[in-house]
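Asker: First the structure, which I've put down as structure tokens, then a few questions once you've had a look.
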Amino acid sequence: MKTRIYATVSAVIATAAMLSGCAGGSASAVSASCTPASTFKTLNAGTLSVVGPDYPPLFTYENQTLGGVDGKILQGFAEANCLNPDTKLLPSASVIETLKGGQADIAAGGWYPTAERAKVVAQTEAAYGDPAVLVGKNPSGRIEDYKDKKVGTTQGYLWVDDLVKWGGDNVKLYQSPDAVYQDLTNGRIDVAVMAVNEAAYRLSKSSGSGLSYVALEKTDLIEATQHPAVTNLPHTKDNPELTAALNTYLDKIRKDGSLAKILQEYGIDPKEANPATN
Numbered sequence: 439m440k441t442r443i444y445a446t447v448s449a450v451i452a453t454a455a456m457l458s459g460c461a462g463g464s465a466s467a468v469s470a471s472c473t474p475a476s477t478f479k480t481l482n483a484g485t486l487s488v489v490g491p492d493y494p495p496l497f498t499y500e501n502q503t504l505g506g507v508d509g510k511i512l513q514g515f516a517e518a519n520c521l522n523p524d525t526k527l528l529p530s531a532s533v534i535e536t537l538k539g540g541q542a543d544i545a546a547g548g549w550y551p552t553a554e555r556a557k558v559v560a561q562t563e564a565a566y567g568d569p570a571v572l573v574g575k576n577p578s579g580r581i582e583d584y585k586d587k588k589v590g591t592t593q594g595y596l597w598v599d600d601l602v603k604w605g606g607d608n609v610k611l612y613q614s615p616d617a618v619y620q621d622l623t624n625g626r627i628d629v630a631v632m633a634v635n636e637a638a639y640r641l642s643k644s645s646g647s648g649l650s651y652v653a654l655e656k657t658d659l660i661e662a663t664q665h666p667a668v669t670n671l672p673h674t675k676d677n678p679e680l681t682a683a684l685n686t687y688l689d690k691i692r693k694d695g696s697l698a699k700i701l702q703e704y705g706i707d708p709k710e711a712n713p714a715t716n
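Residue numbers are given in this note's numbering: position 64 of the sequence shown equals residue 502, and the series is strictly consecutive.
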């Protein structure tokens, strides 16, 4: 939508009931002496309304605590701007629609910027890199080397259509990265195409698996390899002050090394903090 909706108290209550049913809110309190780093409007004064799927390592919310890469970024952003995060977990398919409907300020969970999403939400500059990798036992970086092999990947990624066009019935689509990784470890597929962040996280949790990953090399077969994926922080449209504040904060934590440390904390190569230079 083209204009932002600022809900009344009753509308906010109705929205909270309509959303996922997961508890929101924050256990932290903002000091009365806090001075915000930037000035912008939010859905409700004093809070930053965050929605996202449960998607480790990029976003989690447990015991009123934001976690994952995006969670840590947004917790820091909220603190820098004297806001309490009001967080709700939603199914992935509902997140962008919730922003579009003016029912939240910002989305977390490793969202790729796309021209289609730009029609309904605002998008930040690139936050961190999330290119495709091949995961397997001594994997090759060339998808061509897996012709007639069983290849698994998660639905919804930029490379899926081209991968299916290339591999046909040999490409198996899954609902979640966990399901892909489980079949890979059980030998039901020969190789998995995953985003590097999810691959690194799962490999860090399963030492001794004998699995590793390599970057998916550029190929004319898969357009997404020509422009490796990056993530951003989608947020409500027509709030340029919020866009500017988010970009300023991303630039700050990139330059001071905080973003690289957050990535490293979740088993992700810190070089992905600078996707433009990769």
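By construction, the Cβ of each residue, glycine as well, lies at the ideal position given by its N, Cα and C atoms.
1. Taking the continuous beta strand (DSSP E) assigned at L486, which residues delimit it?
2. What's the C-alpha gap between P713 and A565?
3. Quick one: what's W549 bridged to in DSSP?
4. Within 8 Å, do at least three Cβ pairs link the stretch 674-690 to the stretch 604-616?
5. By Cβ distance below 6 Å, which residues in the same chain neighbour Y619 in space, the five residues on each side in sequence not counted?
6. May I ask you to list the residues that DSSP assigns as paired with A772?
7. Where does Y619 sit, in a helix, a strand or coil, going by DSSP?
8. Go ahead and label Q513 buried or exposed: buried means 16 or more other beta carbons lie within 10 angstroms of its beta carbon, across all protein chains shown.
9. Helix, strand or coil for N522? Go by DSSP, reduced to three states.
10. So, helix, strand or coil for A475, using DSSP?
11. Ignore the nearest five residues each way along the sequence and tell me which others in K510's own chain have a CB closer than 8 Å to its CB.
12. Please determine, among A470, N501 and E517, the residue with the shortest C-alpha to C-alpha distance to S476.
13. Helix or strand or just coil, what does DSSP make of Y499?
14. Give the C-beta separation of L528 and G490 to the nearest angstrom, bearing in mind that I take them to be a contact with Cβ-Cβ under 8 Å.
15. Does the stretch 481-497 come close enough to the stretch 545-558 that 3 or more CB-CB pairs lie under 8 Å?
16. Which word fits K675, buried or exposed, when buried means at least 16 other C-beta atoms lie within 10 angstroms of its C-beta?
17. By the DSSP assignment, the alpha helix (DSSP H) with L611 in it spans what residues?
18. Taking its Cβ as the centre, do 16 or more other Cβ atoms sit within 10 Å of Q561, making it buried, or is it exposed?
19. Which of helix, strand or coil does DSSP assign to G705?
20. With contact counted as at least three CB pairs below 8 Å, one residue from each stretch, are the stretch 597-611 and the stretch 641-653 in contact?
21. What first and last residue would you give for the beta strand (DSSP E) that runs through G539?
22. So which of N670, L572, A542 and E655 has the shortest CA-CA distance to L496?
23. Distance check for E636 and A483, CA to CA, integer angstroms please.
24. Please report the straight-line C-alpha distance between S707 and E655, rounded to a whole angstrom.
25. By Cβ distance below 6 Å, which residues in the same chain neighbour G459 in space, the five residues on each side in sequence not counted?
26. The alpha helix (DSSP H) with A565 in it runs from where to where?
27. In this structure, does DSSP put A653 in helix, strand or coil?
28. If you follow the alpha helix (DSSP H) that G605 is part of, which residue opens it and which one closes it?
29. I think L481 touches D543, with their Cβ atoms under 8 Å apart; what is that distance to the nearest whole Å?
Answerer: Quick answer:
1. T485 to G490
2. 8 Å
3. N670
4. no
5. R640
6. The displayed coordinates of the chain run from 439 to 716. Any statement about residue 772 would go beyond what the structure contains.
7. helix
8. buried
9. strand
10. coil
11. L504, I700 and E703
12. E517
13. strand
14. 7 Å
15. yes
16. buried
17. Note, L611: premise wrong, no alpha helix (DSSP H); beta strand (DSSP E) at V609 to Y612.
18. buried
19. coil
20. no
21. Careful: G539 lies outside any beta strand (DSSP E) and carries neither H nor E.
22. N670
23. 34 Å
24. First, the amino acid is wrong: residue 707 is Asp here, not Ser. Between D707 and E655, the C-alpha separation is close to 17 Å.
25. Confidence in G459 is poor, its pLDDT being 39 and thus under 50, which makes the residue's placement too unreliable to answer from.
26. Element bounds for A565: n/a, residue is neither H nor E.
27. strand
28. V598 to G605
29. 5 Å
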